[in-house]
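Student: After the structure tokens below, expect a handful of questions from me.
Protein chains in written order, with the UniProt record's numbering: chain S, 1 to 821; chain D, 1 to 821.
Here it is as structure tokens:
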């Protein structure tokens, strides 16, 4: 089949894009990459087939994927060509992550591999290592991975390439981000939504994304939807996504090279046209960016048939087209034939190095895809100009005297940060249409929301250059931010707590990336990925059961402790302090859970800083009877609503059982509860025991699923005395206090827990218990009649234990007991 | 703006679709529904405004969403019309789940509400209750939810409506599934992918899906992408998805009714044409099904402006357009004006019942949307004709003598089940392109893979009517299966274990649905949603780190214990027994984790059944020195690879420390480890203690994250003696045994754990420890040299402790100790 290259609607042009020498060189480069790809799959010795292939030359286990490699090699070869011609910084997102042999081959050819891994030299010995290490014990993974030069995307879990590409292109006006999308990946939801990234790409300040949809026709075992749908439907679909498609299709390599070169040239010209127009003449309507549709056979140039069954061009070439090569001499001959069909002697010199012709298209220095500093984002990272927190901190005349919405307070800091980075353009806030709902709307005094479509008079805050990105897709928010931070910039993802589970798997993959990257000396630390989870489980008054899920923390805490951090600030000032910390951090995934509804202010900024530095501490002003002796009971809390209920319980106990020595402990950093061996923030036992005692009853009100506290604390001495209240899957609820009552985390229940657990309280315990039970029934009846919480609940305020003349006594400083972190 | 209705490419027709009386009736029904929707948001008394509106009539908290209601009311009204005309069973998936007031209003109007909730009568008193209960304590949620008649989809978390619609339509050839997709939801990934559901819908055996994309222009705070993109792009996009669009657009109600009636008529005619053609003349190419694009203002007919600011037609009408109504008399007048603009006196008679004109379009009996038996799927559920397991069970002459791939064995059962339901068509297997990769390919002896696109000679197993559904989208697999089981049919979702996290949030929402539905007496039990998680964490030799994640079990076990079940069968026969059980179950989410690689057969079918019935039990044949006394150590295991390693450790201990009394316990049902109060399967303490002892060291090899075992067992007496090995986030690995070594779950490490924990073993402990450490280093060096596991590992087999003449002695029956479940 001859290749076609249809340059959009204008119809194919006919003048050749390539001179004969250039075509020969591109073809040689591509053959070399294909040879090296196949070699990695099969060989552990004799890399240039200088001697007849023997069983000992073959890997004992054949673990890799051939199907996608020839297409990726074609793309890489032609990216080399246009990078050399346009001298434009470029990264490529390799969606088909199984195509590591291709990307590694190209990196080795261009020399970037040997620069990062000097033992894998660009000669026969290095080729031998390149082959042997691939997907072998102690070697490199078979996916494009952090170990792969030039990569910022692992394709193991499919669906995120195009979102990553957009994230990388944002605020990098000179950058070209090519993105190879496999036609398998194209079936996923996140990828399907990602096409609309072009509605958010600012041609003035952002770089260009060039999607290359690779139709190789098959997944593991099936044809793909996009390869098999009628061509006119695919064309409509891509135009419906707002793209202007260019088609390259063929099976004859030289024809395809010609067509691909023409399509690449056209794409580059169109991109330049769009950007020049925007940058010279100002922004017009949203541009129609090019997309290349590349249709080549799966496993192209591999064995056409095996035992008479078609392999090339079918799903059978997805992984290892020829199996049993070590054992079967006939298969071994087929492999040798296949490998020699690339004519390695023309491609590599006697030392095993690539010949000049092979390298003719390869760009130099940082323009090489494997050497792009954009793909090692930490090289570009600048410290954020974080404003002084004093500007935003709320005054706290005494604990529990005032209320503020923590996220509203934080919005001031974020707005200032946006303003301070207005020129640098290296900080963004993403969220699924919830920035204002999450009470972060003060951001709009500093910026607008990115939007490249038409703007109507009734719209607010839409801006072609806005720093807030809103789209109703958690997948896109996450994918964009991952691409953004992996290229060295900073950001926050603000999300409804329940719906962040939508990106559970993406978060896990990002954590795995960071974990692996941190072990590579050449990878520089990148800004952390920061979640602000709000509209949380305890305040879903009108949204109900479907909006209640505090389990993201559980998911995250299953992952690498070197990477994950979890914070539950109890009020506005602690939220400020926590966010100041996480925005300075590197290489972490920080999860910050905070409410948007007004909640009591407990700590001044200074106290909040000290408390956050420790991560957990005794609030001695909230306890009673702490006179150096061990308390009778510890009331512990983590999260804003649990903290309120624990303090209300402490107040009730002070009133009902004044002789009881009660200690209140608040936890901000959940990982402090872990053993030191399990997390770098984990407390040593002596510190834990100093906070929680070794043997007193501990009643712990926790923001999420209660067993998480047991899971982090099960090795502690006091564990057998630990009683945790938290969220249970109880169904809908419709007033704020009813939510805590239904989950048995209300002040009355907590007091009942205490009287049930502290020995020696009978007979008074029964009376207290009864009063608490009465209060709970009163609440139940009241809300059904009035639709609102009891006034004594709604209007409850913390009272200092012994108010003095200034109204400030009874307030003691946040205690440092147990602190050492 | 006059309404347009463009009937696809043919251009708009002009003859009116509606006579004047019919138009009046439709308009009256729609006004009634809008009145009732607004009433639910605001009123707790005086539902027909028979007296002037007073503060006491207004709800104290206004919790609901108005914006989407008028559009949903329009759709419901016109669905009523075509259902009456075509008498075709219909369900509607209400994507904008916040639109519960609309769906509840319609259900009350048609009478289905009062039939299910007799206290909410179709008169003024019932209207009063309808209003008062909405989003109020003890009332009904503000989302379309299980409580909502006719619903099988909760829109709290957006993105799944269209996948649910396709799932409901499968194998229901007479059913019409209308599906309202909000333009906010349309931005999500799962929804974007769901449009391709038409590539899998068989016009012969499946019903029709009629998507209605509702462009009301705004999300919470932003314009929507699909409402703001140029119309010709949207048209291309929908045609690219394979649909034939019909447009309805307007702001004048009567014009819109006319246009909507015409579009609905056209859609129904086209659907009938497609289905008749397929059923009479045979299948041609994939049909282009209609889609309706309905463009009406957000908050249509609500307050146009409030304080001079536009509200109708903007995002400001998303929730409560008029706030402060209770406090502010002027606002209250505006509300009264708004409500009276619907002319309730024309709509409801003196008793408060809807007048005849209002009900003229409403269908009768089970044709009413709120009374459809399809939306209460348990009414249609039939027992599966499960074949006898003996047909598929593998013979087990003795434990560990043979190996089988558990999933391959299971495939036989699934294939037979497909064959046995070939006529009934109520069982499907879904998966993301992995059915064969997961070694379930025997299914293809009984059926093919659903595929409505072209089929090429090289393709295999594609079939217009196949019972296996493969698409590279876990979201679609999950969404389809949810729709399928909620309409009463059966299915299995086979998935790579790591990537099932992609649907974490969908699974959680389905569990919440089941939990809520189970409490509603009128909802009948539906078949369980069954996960077969395979290609699991311990065998990702070539896929590496990105494919390692056993955390779905943790996620699931956070959810309602009434609904969730988790099974880890250790071999082929136990997998058969577990699957036989889960396929018979109702209203659960069953998670079954099983390997696809050959693993040792431990139990005969009979033993497997007994073991699965208990869920956990002592394998006395694997232990040593059990002579009635308590063991010195308990070796426990859950999962196929952990079971192998524990048994290998037991064999090593028998050899190295023959005097040690070792008990081996295997756990199939993880929820048995929970306390009885926390899960219906939970063991009472005496049973747990009989298995694990109260005070002996327990070394537990677990399939997933080790702390899960602590989380389920922390209340047990033996907990302080419990030492768990499991998966850690360690990065890539490339041989099967290296995986367990790197995670410290290998036999040698387990033996070291035992010698470290059993008191009194010194001085021999040190020597054993050293031998184990030596074996581990030998392994490390060997795989680096040979690329494969040590022969002593690869060829290891279980040896009975004292082989007798038949080779069968030494084998004892699976012990019943501790069993009672």
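For glycine and all other residues, C-beta sits at the position ideal for the given N, C-alpha and C.
Once the 5 residues before and after residue 816/S are set aside, which same chain residues still bring their CB inside 6 Å of it?
Tutor: As a first step, residue 816/S is located in the first chain; it is residue number 816 there, counting from the start. In this prediction, residue 816/S has a pLDDT of 36, which is less than 50 and means its spatial position is unreliable; what the coordinates show is noted afterwards. Nothing listed; no residue qualifies.
Student: For chain S, check one thing: does any of its Cβ atoms lie closer than 7 Å to the Cβ of residue 220/D?
Tutor: Counting from 1 along the second chain, the entry for residue 220/D is found at position 220. Yes, contact with chain S.
Student: Could you work out which residues of chain D lie near residue 787/S, taking near to mean beta carbons separated by less than 8 Å?
Tutor: Within the first chain, residue 787/S is the residue found at index 787, counting from 1. By Cβ distance, chain D contributes 44, 59, 60, 61, 136 and 137.
Student: Compute the distance between the beta-carbons of residue 695/S and residue 660/S, then report whether it is under 7 Å.
Tutor: Along the first chain, one-based indexing puts residue 695/S at 695. Along the first chain, one-based indexing puts residue 660/S at 660. No.
Student: Leaving aside the five residues before and after residue 79/D along the sequence, list all residues of the same chain whose C-beta is less than 7 Å from its C-beta, in chain order.
Tutor: Here residue 79/D refers to the residue found at position 79 of the second chain. Cβ neighbours of residue 79/D beyond the five flanking positions: 90, 92, 178 and 369.
Student: Please report how far the alpha carbon of residue 272/S lies from the alpha carbon of residue 16/S, in whole angstroms.
Tutor: Against the first chain, residue 272/S aligns to sequence position 272. Against the first chain, residue 16/S aligns to sequence position 16. Straight-line Cα distance between these residues: approximately 21 Å.
Student: Could you tell me which chain S residues have their CB closer than 8 Å to the CB of residue 705/D, listed as they occur along the chain?
Tutor: For the purposes of this step, residue 705/D is identified with residue 705 of the second chain, where counting begins at 1. Result: 558.
Student: My output table needs one value for residue 229/S: the three-state DSSP class, helix, strand or coil.
Tutor: What you label residue 229/S is simply residue 229 of the first chain in a count that begins at 1. Coil.
Student: Can you list, in chain order, the residues of its chain whose CB lies under 7 Å from that of residue 713/S, leaving out five sequence neighbours each side?
Tutor: By one-based count along the first chain, residue 713/S stands at place 713. The residues are 673, 719 and 722.
Student: Name, please, each residue of chain D whose Cβ falls closer than 7 Å to the Cβ of residue 24/S.
Tutor: The residue given as residue 24/S occupies position 24 in the first chain. Within chain D, no residue comes near residue 24/S; the closest Cβ sits about 32 Å away, beyond 7 Å.
Student: Nearest chain S C-beta to residue 196/D closer than 7 Å, yes or no?
Tutor: Along the second chain, one-based indexing puts residue 196/D at 196. Yes, because at least one Cβ of chain S sits closer than 7 Å to the Cβ of residue 196/D.
Student: Assuming residue 193/S and residue 413/S form a contact by the criterion Cβ under 8 Å, report the distance between their Cβ atoms to the nearest whole angstrom.
Tutor: Numbered from 1 along the first chain, position 193 holds the residue referred to as residue 193/S. Numbered from 1 along the first chain, position 413 holds the residue referred to as residue 413/S. With 8 Å as the limit, residue 193/S and residue 413/S do not qualify as a contact, their Cβ atoms being about 30 Å apart.
Student: Would you verify that the beta carbon of residue 714/S is, or is not, closer than 7 Å to some beta carbon of chain D?
Tutor: Walking along the first chain from the start, residue 714/S turns up at place 714. Yes - at least one Cβ of chain D is within 7 Å of the one on residue 714/S.
Student: Measuring only the C-alpha atoms, how far is residue 407/S from residue 608/D?
Tutor: To locate residue 407/S, count along the first chain from 1; it is residue 407. To locate residue 608/D, count along the second chain from 1; it is residue 608. Approximately 55 Å between the Cα atoms of the pair.
Student: Give the secondary structure of residue 457/S by DSSP, where H, G and I count as helix, E and B as strand, and everything else as coil.
Tutor: As a position in the first chain, residue 457/S is number 457, starting the count at 1. Residue 457/S falls in the coil class under three-state DSSP.
Student: Identify the contact partners of residue 543/D in chain S, using a Cβ-Cβ distance below 9 Å as the criterion.
Tutor: One-based indexing of the second chain puts residue 543/D at position 543. In chain order: 63, 98, 141, 142, 143 and 156.
Student: Is residue 182/S near residue 96/S, with beta carbons less than 7 Å apart?
Tutor: Here residue 182/S refers to the residue found at position 182 of the first chain. Here residue 96/S refers to the residue found at position 96 of the first chain. It is a contact, given that the beta carbons lie within the stated cut-off.
Student: What is the DSSP secondary structure of residue 178/D, counted as helix, strand or coil?
Tutor: To locate residue 178/D, count along the second chain from 1; it is residue 178. Looking at residue 178/D - three-state DSSP - the assignment turns out to be strand.
Student: Just the C-alpha distance for residue 287/S and residue 464/S, rounded to the nearest angstrom, thanks.
Tutor: Looking up residue 287/S in the first chain gives position 287. Looking up residue 464/S in the first chain gives position 464. If I take the Cα positions, the gap works out to 12 Å.
Student: Roughly how many angstroms separate the alpha carbons of residue 675/S and residue 473/S, rounded to a whole number?
Tutor: Locating residue 675/S in the first chain gives position 675, counting from the first residue. Locating residue 473/S in the first chain gives position 473, counting from the first residue. Their Cα atoms are separated by approximately 37 Å.
Student: Contact criterion: CB-CB distance below 7 Å. Does residue 317/S meet it with respect to chain D?
Tutor: Here residue 317/S is taken as the residue at index 317 of the first chain, counted from 1. Not an interface residue.
Student: Of the choices 285/S, 224/S and 154/S, whose alpha-carbon is the least far from that of residue 204/S?
Tutor: As a first step, residue 204/S is located in the first chain; it is residue number 204 there, counting from the start. With distances taken between Cα atoms, residue 204/S lies closest to 285/S.
Student: Measure the C-alpha to C-alpha separation of residue 180/S and residue 195/S and round it to an integer number of angstroms.
Tutor: Within the first chain, the letter at position 180 stands for residue 180/S. Within the first chain, the letter at position 195 stands for residue 195/S. So the two alpha carbons sit approximately 13 Å from each other.
Student: Answer with buried or exposed for residue 281/D, where buried requires no fewer than 16 other C-beta atoms within 10 angstroms of its C-beta.
Tutor: Along the second chain, one-based indexing puts residue 281/D at 281. By the neighbour-count rule (16 or more Cβ atoms within 10 Å), residue 281/D is not buried but exposed.
Student: Among 620/D, 519/D and 801/D, which residue has its Cα nearest to the Cα of residue 651/D?
Tutor: Taking the first residue of the second chain as 1, we reach residue 651/D at position 651. Of the candidates 620/D, 519/D and 801/D, the one whose C-alpha sits nearest the C-alpha of residue 651/D is 801/D.
Student: Among 688/S, 753/S and 592/S, which has the Cα closest to the Cα of residue 410/S?
Tutor: The residue you call residue 410/S lines up with position 410 of the first chain. That would be 592/S, whose Cα lies nearest to the Cα of residue 410/S.
Student: Which residues, in chain order, does the stretch 431 to 444 of chain D contribute to contact with chain S at a C-beta distance below 8 Å?
Tutor: If the cut-off is 8 Å between Cβ atoms, the stretch 431 to 444 of chain D has 433, 434, 435, 436 and 437 near chain S.
Student: Could you run through the stretch 491 to 508 of chain S and flag, in chain order, every residue whose CB is less than 8 Å away from some CB of chain D?
Tutor: Here the close residues are 498, 499, 501, 502, 504, 505 and 508.
Student: Quick one: which residues of the stretch 75 to 105 of chain D get their C-beta closer than 7 Å to a C-beta of chain S? List them in chain order.
Tutor: Listed by position, the residues of the stretch 75 to 105 of chain D near chain S (Cβ gap below 7 Å) amount to none.
Student: Let me know the secondary structure DSSP gives residue 400/D once reduced to three states.
Tutor: In the second chain, counting from the first residue as 1, residue 400/D sits at position 400. It is coil, neither helix nor strand.
Student: Given 6 Å as the limit, tell me if residue 64/S has its C-beta closer than that to any heavy atom belonging to the ligand SAH.
Tutor: Annotation note on the ligand SAH: not contained in the displayed structure, which lists no ligands.
Student: Report yes or no: is there a C-beta of chain D within less than 7 Å of the C-beta of residue 405/S?
Tutor: By one-based count along the first chain, residue 405/S stands at place 405. Not closer than 7 Å to any Cβ of chain D, the Cβ of residue 405/S fails to qualify, so no.
Student: Can you tell me whether DSSP reads residue 16/S as helix, strand or coil?
Tutor: Indexing the first chain from 1 puts residue 16/S at position 16. Residue 16/S: coil per DSSP, three-state reduction.
Student: So the candidates are 321/D, 300/D, 688/D and 145/D; which of them puts its Cα closest to the Cα of residue 308/D?
Tutor: Taking the first residue of the second chain as position 1, residue 308/D is located at position 308. It is 321/D whose Cα lies nearest to the Cα of residue 308/D.
Student: Contact between the stretch 483 to 496 of chain S and the stretch 444 to 464 of chain S is defined here as three or more beta-carbon pairs at a separation below 8 Å; is this criterion met?
Tutor: In short, these stretches do not touch, since the Cβ pair count stays below three.
Student: Note down, in chain order, every chain D residue with its Cβ under 9 Å from the Cβ of residue 734/S.
Tutor: Numbered from its first residue, the first chain carries residue 734/S at position 734. Chain D residues near residue 734/S: 61, 63, 135, 136, 137, 138, 139, 141 and 142.
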